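So the sequence shown is numbered by the numbering used here: it starts at 279 and just counts up by one.
Here a beta-carbon is modelled for each residue, glycine too, at the ideal position from N, C-alpha and C.
On a predicted model such as this, the values are computed, not experimentally measured, just so you know.
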Amino acid sequence: MTVVHRVLHPSPITSLAEYLERGGGKGIETAAGLRPQRIIALVRASGLRGRGGAGYSTGRKWQTVARNRSPVEPSTVVVNGAEGEPGTFKDRTILRINPYQVIEGAMIAARAMGADLVVIALKRSFEAECARVRAAIEEITAAGWSPGTQLEIFEGPDEYLYGEESALLETIQGGYPFPRVSPTFRRGVFKLSVADADESHDGARTGSSDVHTTTSAAAAHVAPALVNNVETMANIPRIVARGPQWFRTVGTKRAPGTLVCTVTGSTRVQGVGEVRIGTPLCEVIEAIGGGPRPGRRIKAVMSGVANPVIPAALLDTPVSYEGMAGIGSGLGSSGFIVFDDTVDMVAVAAGTARFLGIESCGQCLPCKQDGLVLADLLAKVCRSEGTDHDLAMIRRRLVTVTDRSRCYLATQQQNAVGSILERFAEEFAAHVEGATPPTEPLLVAELVDIVDGVAVLDERHRHKRPDWSYDEVYSGKVPAESLPGTPAPWRT
Ligand SMILES: Cc1cc2nc3c(=O)[nH]c(=O)nc-3n(C[C@H](O)[C@H](O)[C@H](O)COP(=O)(O)O)c2cc1C
Ligand code: SF4
């Protein structure tokens, strides 16, 4: 059996009572009798790695946040439910099926961090998930299940960068989703008591707040925040209740446990399913997506837009951090976009460059400017209007796009676009030589839903401007210069 059910229950759990009946709640019960350091030690021993994309050791992250706690303010635990990676729908699926397990994991994290606040950060547009989480929080609070820990839901914007952890904190604080310089274990969320004491703080007015307030007295007291992905948190209760050895009974030595994967693109169906880490990629595509469409063969797979493309010859690679790294790619958030032999890879590269160029915030100009130039040049090649000179310019911009970059988005251009250019060079040459029909860039955008086995992409992204507006005409500005000073809807 390829598909398993550790994190993703086969059917939705509709109430807290049902969750408890089915064995939920044992993690928080066990954690209540353990010292924070012991909880952290259990998570470390489990070998759990973050499921948000980077695959960083969860135990090590917990340890770092605990060590950096403020003597004045309690820390905050933030559940990253922004889920904006193209091709990924696993966090929303987990929350729709069982929000209790995620909240239980976050409450255990709060105990381990000495945090007094848990924020579940979703997007305002995730209406079903917001409703489900809000109802679960009400039940949990009414049942007195979270003494000493406040549970809150935050409904953020649709921007891709909102999912980047420091930008997430910046947004929760009332600013815009602009990544910060300070890591989250140094600078979490300004609590009101601290913000009131520091009138110089105004993230929305000045861009990323840490640039402007690191020298202020109040900033010295800002407690760290622990940010973990929804799926990461969903794994915590059973690790604590059943122990790290149980967790390690599936998966690989370096990456124990399971992965909740999304399969979309050129497959018979699109969907979400849970597999043991180490399952071959072709088996994951077969089990969740039903394999390629009749009469077609798979040409390539991308795990979101953060990692190098995987050619068909490497489809037997194990779906694990080390397996993907071994072929020069990465796991990302286990959202696999499949391309068959009908797909033009130049259109994939152009769509990817456009998505990243639009979503760049422009705090580091090479990322925004080179990103947009890359998108334009690739669209030109796609339309078979490009020249060898354009291909040379694309290669040059792929080198400079990461200059002085603050977050990983710029590197994603190099990884995803650069690898398509390298591995499918003949398709680019064919466009330049006019040997292949002109085409438009593929729509690369966030998933809005998966309905009856069909993935729905955010079609609005076609009209999104580089300043993040949907205006008829592009203002020519980057978000980092046009947005500060304008009120953010989530700033209340
Ligand atoms: C541009 C960008 C977008 C990201 N979007 C998300 C996201 O939507 N959800 C998420 O969990 N992590 C996202 N991440 C990763 C987070 O920054 C962070 O690594 C993650 O929330 C940490 O949780 P984990 O340790 O449990 O994986 C993004 C990172 C970048 C650079
Ligand atoms: S690298 Fe790009 S997306 Fe990241 S902070 Fe800089 S401009 Fe913004």
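Please classify residue i as buried or exposed, where buried requires at least 16 other C-beta atoms within 10 Å of its C-beta.
| i | result |
| --- | --- |
| residue 749 | exposed |
| residue 742 | buried |
| residue 611 | buried |
| residue 379 | buried |
| residue 604 | exposed |
| residue 634 | buried |
| residue 420 | exposed |
| residue 666 | exposed |
| residue 646 | buried |
| residue 764 | exposed |
| residue 363 | buried |
| residue 437 | buried |
| residue 699 | buried |
| residue 752 | exposed |
| residue 602 | buried |
| residue 303 | buried |
| residue 283 | exposed |
| residue 537 | buried |
| residue 339 | buried |
| residue 630 | buried |
| residue 293 | exposed |
| residue 542 | buried |
| residue 681 | exposed |
| residue 527 | exposed |
| residue 409 | exposed |
| residue 407 | buried |
| residue 676 | buried |
| residue 712 | exposed |
Looking only at its own chain, which residues have a Cβ that is under 6 Å from the Cβ of residue i, when we skip the five neighbours before and after it?
| i | result |
| --- | --- |
| residue 389 | 309 |
| residue 402 | 433 |
| residue 503 | 354, 356, 447, 462, 466 and 467 |
| residue 323 | 522 |
| residue 705 | 623 and 624 |
| residue 739 | 723 |
| residue 429 | 396 and 415 |
| residue 290 | 375 |
| residue 422 | none |
Assuming the contact rule is C-beta atoms closer than 8 Å, residue i and residue j should be a hit. Round their C-beta distance to whole Å, please.
| i | j | result |
| --- | --- | --- |
| residue 728 | residue 549 | 6 Å |
| residue 386 | residue 515 | 7 Å |
| residue 540 | residue 367 | 5 Å |
| residue 687 | residue 638 | 6 Å |
| residue 394 | residue 427 | 6 Å |
| residue 559 | residue 595 | 5 Å |
| residue 455 | residue 445 | 4 Å |
| residue 554 | residue 529 | 6 Å |
| residue 716 | residue 661 | 5 Å |
| residue 233 | residue 280 | The first residue shown for the chain is 279 and the last is 770, placing residue 233 beyond what the model contains. |
| residue 330 | residue 358 | 6 Å |
| residue 457 | residue 684 | 5 Å |
| residue 381 | residue 285 | 14 Å between Cβ atoms; not a contact. |
| residue 578 | residue 590 | 6 Å |
Who are the Cβ neighbours of residue i in its own chain at under 7 Å, not counting the five residues just before and after it?
| i | result |
| --- | --- |
| residue 336 | 321, 326, 327, 328, 506 and 510 |
| residue 360 | 399, 401, 434, 440, 441 and 446 |
| residue 345 | none |
| residue 708 | 714 |
| residue 471 | For residue 471, the predicted model reports a pLDDT of 45, less than 50, meaning its position is unreliable and no value from the coordinates is stated. |
| residue 333 | 327, 599 and 609 |
| residue 702 | 623 |
Using 7 Å as the cut-off, classify the Cβ of residue i as near or not near the heavy atoms of ligand 3, replying yes or no.
| i | result |
| --- | --- |
| residue 735 | Absence of ligand 3 is noted for the structure shown, with ligand 1 and ligand 2 being the only ligands found. |
Near residue i, which residues of its chain fall below 8 Å by C-beta distance, leaving aside the five closest residues on each side in sequence?
| i | result |
| --- | --- |
| residue 544 | 570, 571, 574, 576, 616, 617, 618, 620 and 621 |
| residue 525 | 324, 325, 326, 513, 516, 517, 534 and 535 |
| residue 392 | 314, 344, 347, 352 and 353 |
| residue 721 | 629, 735, 737, 739 and 740 |
| residue 658 | 664 and 668 |
| residue 759 | 640 |
Contact the segment 663-678 vs the segment 637-655: 3+ CB pairs below 8 Å: yes
Quick one: which unbroken alpha helix (DSSP H) runs of 4-plus residues sit fully inside the segment 514-550? Chain order, please. As far as the segment 514-550 is concerned, its whole alpha helix (DSSP H) runs of at least 4 residues are 522-525.
Cβ contact check for the segment 676-694 and the segment 580-587: 3 or more pairs under 8 Å: yes
What are the uninterrupted segments assigned as alpha helix (DSSP H) that are 4 or more residues long and contained completely in the segment 310-356, given in chain order? 314-324 and 336-345
Would you mind listing the alpha helix (DSSP H) stretches within the segment 424-452 that are 4+ residues and don't spill past its ends, in chain order? Listed in chain order, the alpha helix (DSSP H) runs fully inside the segment 424-452 are 443-450, counting runs of at least 4 residues.
List, from N- to C-terminal side, the beta strand (DSSP E) runs of 3 residues or more that fit wholly inside the segment 727-758. 732-735
Start-end ranges of the alpha helix (DSSP H) lying completely within the segment 354-431, minimum 4 residues: Taken in chain order, the complete alpha helix (DSSP H) segments of 4 or more residues contained in the segment 354-431 are 368-375, 377-391 and 405-420.
Along the chain, which unbroken stretches of the alpha helix (DSSP H) at least 4 residues long are found entirely within the segment 638-715? 643-660, 666-678, 687-690, 696-701 and 703-710
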